[in-house]
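Numbering (my numbering), first residue to last: 379 to 600. All C-beta atoms, glycine included, are put in the ideal place defined by N, C-alpha and C. Since this is a predicted model, take the numbers as computed values, not measurements.
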Amino acid sequence: RANPQGVDLMRNAPVQAQSDVPFLLGGQRFSRHLPWYQGEAGQPMQAENQALCDWVERELACRPFSLAVDCHSGFGTLDRIWFPYAHTRKPIAHLAEMQALRNIFFQTYSHHNYIFEPQSLQYLTHGDVWDYLYQRACARGTVFLPLTLEMGSWLWVKKNPRQLFSRHGIFNPLIAHRQQRVLRRHQSLLDFLGRAAAGQALWRPQPQARASLHDEALARWY
(Lines of atoms letter the chains of each structure in order from A and count residues from 1; the text may use other names and numbers.)
(Lines give C-alpha, C1' and ligand atoms only; values in the text may rest on other atoms or scores of the structure.)
Protein backbone atom coordinates (compact mmCIF):
# COMPACT_ATOMS: atom_id res chain seq x y z
CA ARG A 1 0.00 0.00 0.00
CA ALA A 2 1.96 2.96 -1.30
CA ASN A 3 1.10 6.65 -1.08
CA PRO A 4 1.54 9.19 -3.92
CA GLN A 5 5.22 9.56 -2.99
CA GLY A 6 5.75 5.89 -3.75
CA VAL A 7 6.44 4.97 -0.11
CA ASP A 8 5.13 1.58 1.00
CA LEU A 9 3.38 2.37 4.26
CA MET A 10 3.93 -1.15 5.60
CA ARG A 11 7.72 -0.65 5.24
CA ASN A 12 7.90 2.90 6.59
CA ALA A 13 8.10 2.59 10.39
CA PRO A 14 11.43 3.10 12.21
CA VAL A 15 12.17 -0.61 12.67
CA GLN A 16 14.94 -2.44 10.84
CA ALA A 17 15.09 -6.19 10.27
CA GLN A 18 17.78 -8.00 12.24
CA SER A 19 18.52 -10.48 9.45
CA ASP A 20 18.51 -10.50 5.66
CA VAL A 21 15.19 -9.66 4.02
CA PRO A 22 13.93 -10.76 0.57
CA PHE A 23 15.15 -8.48 -2.19
CA LEU A 24 12.69 -5.58 -2.67
CA LEU A 25 9.86 -7.43 -0.89
CA GLY A 26 11.42 -6.85 2.53
CA GLY A 27 11.77 -3.11 1.91
CA GLN A 28 14.26 -1.07 -0.11
CA ARG A 29 15.70 2.45 -0.24
CA PHE A 30 16.99 2.36 -3.83
CA SER A 31 14.18 4.28 -5.50
CA ARG A 32 10.57 5.34 -4.98
CA HIS A 33 9.90 4.04 -8.49
CA LEU A 34 10.49 0.47 -7.32
CA PRO A 35 7.97 -1.44 -5.17
CA TRP A 36 8.22 -1.67 -1.36
CA TYR A 37 10.11 1.63 -1.04
CA GLN A 38 10.74 2.46 2.63
CA GLY A 39 11.34 6.16 2.20
CA GLU A 40 14.54 8.04 2.94
CA ALA A 41 16.54 6.92 5.97
CA GLY A 42 16.24 9.18 9.00
CA GLN A 43 13.11 10.94 7.78
CA PRO A 44 9.86 11.06 9.80
CA MET A 45 7.18 8.53 9.02
CA GLN A 46 4.78 9.35 6.22
CA ALA A 47 1.66 11.29 7.23
CA GLU A 48 -0.62 8.26 6.75
CA ASN A 49 1.47 6.08 9.04
CA GLN A 50 1.84 8.85 11.61
CA ALA A 51 -1.94 9.29 11.63
CA LEU A 52 -2.36 5.55 12.31
CA CYS A 53 0.19 5.66 15.12
CA ASP A 54 -1.43 8.76 16.62
CA TRP A 55 -4.83 7.03 16.59
CA VAL A 56 -3.45 3.90 18.26
CA GLU A 57 -1.69 6.00 20.89
CA ARG A 58 -4.84 8.05 21.52
CA GLU A 59 -7.46 5.29 21.50
CA LEU A 60 -5.59 2.17 22.65
CA ALA A 61 -2.61 3.29 24.72
CA CYS A 62 -4.83 4.01 27.73
CA ARG A 63 -6.28 0.49 27.72
CA PRO A 64 -4.68 -2.44 29.53
CA PHE A 65 -5.61 -4.74 26.61
CA SER A 66 -6.32 -4.08 22.94
CA LEU A 67 -6.40 -6.00 19.69
CA ALA A 68 -6.17 -4.75 16.09
CA VAL A 69 -6.75 -6.45 12.72
CA ASP A 70 -5.10 -5.16 9.55
CA CYS A 71 -6.83 -6.63 6.49
CA HIS A 72 -5.02 -6.61 3.17
CA SER A 73 -4.16 -8.81 0.23
CA GLY A 74 -0.98 -10.78 -0.20
CA PHE A 75 0.73 -13.45 -2.22
CA GLY A 76 -0.41 -17.03 -2.61
CA THR A 77 -3.73 -18.84 -2.46
CA LEU A 78 -4.02 -19.21 1.32
CA ASP A 79 -5.45 -16.81 3.90
CA ARG A 80 -3.07 -16.24 6.78
CA ILE A 81 -3.47 -14.61 10.18
CA TRP A 82 -0.10 -13.09 11.02
CA PHE A 83 1.18 -11.67 14.27
CA PRO A 84 4.52 -9.97 15.11
CA TYR A 85 7.32 -10.05 14.62
CA ALA A 86 8.12 -9.20 11.01
CA HIS A 87 11.60 -7.75 11.62
CA THR A 88 13.05 -10.64 13.66
CA ARG A 89 12.52 -14.35 14.16
CA LYS A 90 12.55 -13.96 17.93
CA PRO A 91 9.22 -14.66 19.65
CA ILE A 92 7.16 -11.81 21.06
CA ALA A 93 6.67 -11.26 24.78
CA HIS A 94 2.96 -12.17 24.53
CA LEU A 95 3.39 -15.48 22.77
CA ALA A 96 1.19 -17.18 25.39
CA GLU A 97 -1.68 -14.81 24.54
CA MET A 98 -1.32 -15.53 20.83
CA GLN A 99 -1.33 -19.27 21.48
CA ALA A 100 -4.42 -18.97 23.68
CA LEU A 101 -6.20 -16.87 21.03
CA ARG A 102 -5.24 -19.35 18.33
CA ASN A 103 -6.48 -22.29 20.41
CA ILE A 104 -9.89 -20.81 21.15
CA PHE A 105 -10.38 -19.79 17.50
CA PHE A 106 -9.49 -23.27 16.26
CA GLN A 107 -11.83 -24.81 18.82
CA THR A 108 -14.66 -22.50 17.79
CA TYR A 109 -14.23 -22.80 14.01
CA SER A 110 -12.83 -26.26 13.39
CA HIS A 111 -13.42 -26.12 9.61
CA HIS A 112 -11.74 -22.79 8.89
CA ASN A 113 -9.10 -22.36 6.17
CA TYR A 114 -6.69 -19.97 7.92
CA ILE A 115 -3.04 -20.43 8.76
CA PHE A 116 -2.25 -18.74 12.08
CA GLU A 117 1.46 -17.92 12.46
CA PRO A 118 4.10 -15.24 13.08
CA GLN A 119 4.95 -13.36 9.91
CA SER A 120 8.63 -14.20 10.42
CA LEU A 121 7.88 -17.80 9.42
CA GLN A 122 7.34 -16.55 5.86
CA TYR A 123 9.82 -13.67 5.47
CA LEU A 124 11.30 -10.70 7.31
CA THR A 125 10.71 -7.05 6.46
CA HIS A 126 12.05 -3.65 7.37
CA GLY A 127 9.82 -0.93 8.73
CA ASP A 128 6.81 -2.97 9.86
CA VAL A 129 4.41 -0.53 11.50
CA TRP A 130 2.74 -3.19 13.67
CA ASP A 131 6.09 -4.30 15.08
CA TYR A 132 6.76 -0.65 15.91
CA LEU A 133 3.40 -0.15 17.63
CA TYR A 134 3.64 -3.47 19.47
CA GLN A 135 7.05 -2.53 20.87
CA ARG A 136 5.72 0.84 22.01
CA ALA A 137 2.88 -0.91 23.84
CA CYS A 138 5.35 -3.24 25.54
CA ALA A 139 7.38 -0.24 26.67
CA ARG A 140 4.18 1.20 28.23
CA GLY A 141 3.40 -2.07 29.97
CA THR A 142 0.11 -2.65 28.12
CA VAL A 143 -0.98 -5.67 26.06
CA PHE A 144 -1.53 -4.87 22.39
CA LEU A 145 -2.03 -7.76 19.97
CA PRO A 146 -1.85 -6.61 16.35
CA LEU A 147 -2.96 -9.16 13.77
CA THR A 148 -2.76 -9.04 9.99
CA LEU A 149 -5.27 -10.86 7.82
CA GLU A 150 -3.17 -11.65 4.74
CA MET A 151 -5.69 -12.65 2.09
CA GLY A 152 -4.48 -14.96 -0.68
CA SER A 153 -5.02 -12.80 -3.74
CA TRP A 154 -3.92 -15.41 -6.27
CA LEU A 155 -7.34 -17.01 -5.86
CA TRP A 156 -8.86 -13.90 -7.42
CA VAL A 157 -6.34 -13.90 -10.28
CA LYS A 158 -7.03 -17.60 -10.89
CA LYS A 159 -10.71 -16.81 -11.32
CA ASN A 160 -9.98 -13.86 -13.62
CA PRO A 161 -6.48 -14.06 -15.20
CA ARG A 162 -7.00 -10.75 -16.99
CA GLN A 163 -6.47 -9.05 -13.65
CA LEU A 164 -2.73 -9.64 -14.07
CA PHE A 165 -2.71 -6.83 -16.62
CA SER A 166 -4.28 -4.36 -14.18
CA ARG A 167 -2.24 -2.42 -11.64
CA HIS A 168 -4.95 -2.92 -9.02
CA GLY A 169 -6.11 -6.32 -10.17
CA ILE A 170 -3.02 -8.20 -8.99
CA PHE A 171 -4.03 -7.73 -5.36
CA ASN A 172 -7.75 -6.97 -5.53
CA PRO A 173 -10.89 -8.74 -6.78
CA LEU A 174 -12.18 -6.42 -9.50
CA ILE A 175 -15.60 -7.99 -10.12
CA ALA A 176 -18.33 -6.82 -7.73
CA HIS A 177 -19.68 -10.23 -6.73
CA ARG A 178 -16.14 -11.45 -5.94
CA GLN A 179 -15.56 -8.43 -3.70
CA GLN A 180 -18.77 -9.27 -1.85
CA ARG A 181 -17.71 -12.92 -1.57
CA VAL A 182 -14.37 -11.93 -0.05
CA LEU A 183 -16.11 -9.72 2.50
CA ARG A 184 -18.50 -12.53 3.48
CA ARG A 185 -15.65 -15.04 3.67
CA HIS A 186 -14.07 -13.28 6.64
CA GLN A 187 -17.14 -12.18 8.58
CA SER A 188 -16.87 -15.03 11.08
CA LEU A 189 -13.22 -14.27 11.78
CA LEU A 190 -13.81 -10.55 12.33
CA ASP A 191 -16.81 -11.26 14.52
CA PHE A 192 -14.76 -13.71 16.57
CA LEU A 193 -11.92 -11.23 17.05
CA GLY A 194 -14.32 -8.49 18.10
CA ARG A 195 -15.85 -10.79 20.71
CA ALA A 196 -12.39 -11.94 21.80
CA ALA A 197 -11.34 -8.35 22.40
CA ALA A 198 -14.50 -7.60 24.38
CA GLY A 199 -14.25 -10.82 26.41
CA GLN A 200 -10.49 -10.95 26.82
CA ALA A 201 -10.74 -11.63 30.54
CA LEU A 202 -12.34 -15.00 29.77
CA TRP A 203 -9.52 -16.43 27.64
CA ARG A 204 -6.31 -14.58 28.46
CA PRO A 205 -3.95 -16.99 30.19
CA GLN A 206 -3.56 -16.74 33.93
CA PRO A 207 0.00 -16.58 35.32
CA GLN A 208 0.08 -20.31 36.11
CA ALA A 209 -0.85 -21.21 32.49
CA ARG A 210 1.49 -18.84 30.69
CA ALA A 211 4.56 -21.06 30.79
CA SER A 212 2.83 -24.08 29.24
CA LEU A 213 1.17 -21.98 26.52
CA HIS A 214 4.49 -20.29 25.78
CA ASP A 215 6.20 -23.68 25.42
CA GLU A 216 3.36 -24.93 23.22
CA ALA A 217 3.79 -21.92 20.93
CA LEU A 218 7.55 -22.33 20.78
CA ALA A 219 7.16 -25.93 19.70
CA ARG A 220 4.57 -24.99 17.08
CA TRP A 221 6.19 -21.96 15.47
CA TYR A 222 9.84 -21.65 16.50
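Close Cβ partners of Ile-470 (< 8 Å) along its chain, the five nearest in sequence each way excluded: Translated into the one-based positions of the sequence shown, residue 470 becomes position 92. Result list for Ile-470: Phe-461, Pro-462, Tyr-463, Met-476, Pro-496 and Tyr-512, in chain order.
Span of the alpha helix (DSSP H), counted from its first residue to its last, around Asp-432: For the purposes of this step, residue 432 is taken as the residue at position 54 of the sequence shown. From DSSP, the alpha helix (DSSP H) with Asp-432 extends over 425 to 437.
Distance, Leu-473 Cα to Val-521 Cα: Here residue 521 refers to the residue found at position 143 when the sequence shown is read from its first residue. Here residue 473 refers to the residue found at position 95 when the sequence shown is read from its first residue. The alpha-carbon atoms of Val-521 and Leu-473 are separated by roughly 11 Å.
First through last residue of the alpha helix (DSSP H) which encompasses Trp-581: The residue you call residue 581 lines up with position 203 of the sequence shown. Looking at the DSSP string, the run of the alpha helix (DSSP H) that includes Trp-581 is 578 to 581.
Whole-number beta carbon distance between Phe-570 and Thr-622, since they are thought to touch under 8 Å: A query on residue 622 cannot be resolved here, the shown segment of the chain reaching from 379 to 600 and no further.
Boundaries (first-last residue) of the alpha helix (DSSP H) holding His-592: For this step, residue 592 is matched to residue 214 along the sequence shown. Run containing His-592: 585 to 599, per the alpha helix (DSSP H) assignment.
Same chain, Cβ closer than 7 Å to Leu-580, five either side skipped, listed in chain order: Your numbering for residue 580 matches position 202 in the sequence shown. Here the set comprises nothing.
C-alpha distance - Ala-478 paired with Arg-598, whole-angstrom precision: As a working note, residue 478 is residue 100 in the sequence shown. As a working note, residue 598 is residue 220 in the sequence shown. One C-alpha to the other measures close to 13 Å.
Pairwise C-alpha distance: Met-388 and Trp-433: Here residue 433 corresponds to residue number 55 of the sequence shown, with the count starting at 1. Here residue 388 corresponds to residue number 10 of the sequence shown, with the count starting at 1. Between Trp-433 and Met-388, the C-alpha separation is close to 16 Å.
Three-pair Cβ contact test at 8 Å for the region 429 to 445 versus the region 400 to 418: no
Arg-379: CB within 7 Å of a non-hydrogen atom of the ligand COA: Absence of the ligand COA is noted for the structure shown, with no ligands found whatsoever.
Whether Leu-430 touches Pro-413 by CB criterion (8 Å): For the purposes of this step, residue 430 is identified with residue 52 of the sequence shown, where counting begins at 1. For the purposes of this step, residue 413 is identified with residue 35 of the sequence shown, where counting begins at 1. No, the pair does not count as a contact, with Cβ atoms beyond the cut-off.
Proximity of Gly-404 and Ala-391 at Cβ, strictly below 8 Å: Here residue 404 refers to the residue found at position 26 of the sequence shown. Here residue 391 refers to the residue found at position 13 of the sequence shown. Not a contact, by the Cβ cut-off of 8 Å.
Where the alpha helix (DSSP H) through Val-507 begins and ends: Working through the sequence shown from its first residue, we reach residue 507 at position 129. It spans 507 to 518 - the alpha helix (DSSP H) in which Val-507 sits, taken as one unbroken run.
Test: Leu-567 CB closer than 8 Å to a CB of chain C: Absent from the structure: chain C. Only one protein chain is present.
Per-residue DSSP class, three states only, for Leu-324: Beyond the ends of the chain as shown, which are 379 and 600, falls residue 324; an answer cannot be given.
Cβ-Cβ separation, Trp-508 to Asp-448 (assumed contact under 8 Å), whole Å: Here residue 448 is taken as the residue at index 70 of the sequence shown, counted from 1. Here residue 508 is taken as the residue at index 130 of the sequence shown, counted from 1. Contact flag correct, Cβ pair sits at about 7 Å.
Status (buried if at least 16 other CB within 10 Å, exposed otherwise) for Leu-527: The residue given as residue 527 occupies position 149 in the sequence shown. With 16 or more Cβ atoms within 10 Å of its Cβ, Leu-527 is classed as buried.
DSSP-derived helix/strand/coil call for Gly-547: As a first step, residue 547 must be located in the sequence shown, where it is residue number 169. At Gly-547 the pLDDT is 47, less than 50, meaning the model places this residue with poor confidence and gives no usable figure here.
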